[in-house]
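One structure below.
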Amino acid sequence: MNEFRADLHCHSTCSDGTFSPEELVKHAHEIGLKGLAITDHDTTAAFALAEPTAKSLGIDLITGIEFSAFHYETSIHILGYSYDPENSAIQELCHRQTIRRNNRNALILEKLDKLRFPVTMEEVIALAQTARVIGRPHIAQVMVKKGYVRNVQEAFRKFLGDGKRAFVPSSAIGIQETIDAIHNGNGLAVLAHPHLIVKQKVLRQLLEMNFDGLECYYSRFPREKNQKWIDIVVKKGWLSTGGSDFHGEVKPETALGCAWTDYASFQKIKKI
Ligand code: AMP
Ligand code: FE
Ligand code: FE
Ligand code: ZN
């Protein structure tokens with residue numbers, strides 16, 4: 077593959093992926109990607125770990141992150157790119173997210189206990205190993221290990237998925253404060269996978285906010301599903317990004333590089 081492709085959405089073992097930051101860069105190189113952003117949930121840790129490998133393999137690596145936010149009880153994901161990882165507004169938001177997650181994870185384990193599928197925090201922490209951020213996929217993997225479910229997908233379908241028996245909604249961190257933190261860190265804020273937003277009113281309101289771009293090309297959505305988002309970014313003069321949302325073995329159906337960002341868009345996001 078000679079064409080320039082950059083995957084700007086993937087997760088490492090710093091959050092809920094199963095490839096380490098170094099392994100992600102190596103895998104990107106193997107499959108012919110030229111650019112990469114590791115967008116772990118609520119942590120900036122992967123960039124520094126991946127940078128030496130990216131330099132040695134000639135992969136253009138930019139900083140990335142995926143923040144969870146809430147808007148009228150709808151969970152929205154916001155991607156941040158090319159920000160300064162040392163910026164205090166970004167780090168404060170990561171810290172608030174960690175507290176939010178810890179509280180929520182404890183409530184999920186309480187629910188599982190009541191359902192007689194006990195999982196302890198020690199078991200989750202042991203499984204998560206190097207993760208800075210612990211989320212539902214880690215709890216799901218412990219459930220698989222303990223024989224409660226056959227795989228991570230079944231854990232989400234029966235227990236952990238939105239609205240399911242052990243689901244706990246998250247306390248709110250807002251969209252605007254998330255965009256502001258990314259901008260404060262000199263980064264670009266991109267609305268992640270708009271394809272997945274069901275409530276049209278929420279979508280309309282989000283599109284009025286000061287995002288810098290939309291993730292028009294996402295995972296394995298077919299071309300015709302992307303066109304709607306491309307039309308919107310053209311109209312607004314926003315950036316168009318693309319990424320796989322690769323998580324490794326916890327989401328085996330999604331391959332790294334199955335959606336990508338082209339050269340022209342990547343250069344704008346890289347802000348050289
Ligand atoms: P959390 O960050 O704890 O709210 O968990 C959300 C994460 O769980 C997403 O980023 C995905 O990695 C993963 N996830 C969500 N739904 C599923 C599913 N149905 N099967 C497997 N993983 C999922
Ligand atoms: Fe995830
Ligand atoms: Fe997401
Ligand atoms: Zn993601």
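Our numbering runs 76 ahead of the 1-based position in the sequence shown.
Where is the CB? At the ideal position from N, CA and C, for every residue including glycine.
The beta carbon of Ala268 sits closer than 7 Å to at least one heavy atom of ligand 3.
Annotated as proximal: Thr139 and Pro161, with beta-carbon spacing under 8 Å. For Asp321, the distance from the CB to the nearest heavy atom of ligand 3 is below 7 Å.
Where Phe143 is concerned, the enclosing beta strand (DSSP E) starts and stops at Gly140 to His147. Straight-line spacing of the CA atoms in Asp189 and Met219 works out to 12 Å. Annotation for Ser132: the continuous alpha helix (DSSP H) segment containing it runs Ala122 to Leu133. For Thr150, no alpha helix (DSSP H) run applies; the uninterrupted beta strand (DSSP E) run containing it begins and ends at Thr150 to Tyr157, by DSSP. The DSSP assignment places 264 to 267 as complete runs of the beta strand (DSSP E) inside the stretch 219 to 277, in order along the chain (cut-off: 3 residues). Taking every protein chain shown into account, the CB of Tyr157 has 16 or more other CB atoms within 10 angstroms, so this residue is buried. Rounded to the nearest angstrom, the gap between the Cα atoms of Asn163 and Ala265 is 15 Å. Going by beta carbons, Thr330 and Ser295 fall inside the 8 Å limit. Counting only runs of 4 or more residues that sit fully inside the stretch 88 to 119, the alpha helix (DSSP H) segments are 97 to 106, in chain order. With a cut-off of 7 Å, the C-beta of Gly324 is classified as distant from ligand 2, since no heavy atom of the ligand falls inside that distance.
Residue burial annotation: Arg299 is exposed, with fewer than 16 other C-beta atoms found within 10 angstroms of its C-beta. With a threshold of 7 Å, the Cβ atom of Gly211 counts as near ligand 1, since some heavy atom of the ligand is closer than that. Across the structure, Phe287 and Lys131 are spaced so that their CA atoms are roughly 30 Å apart.
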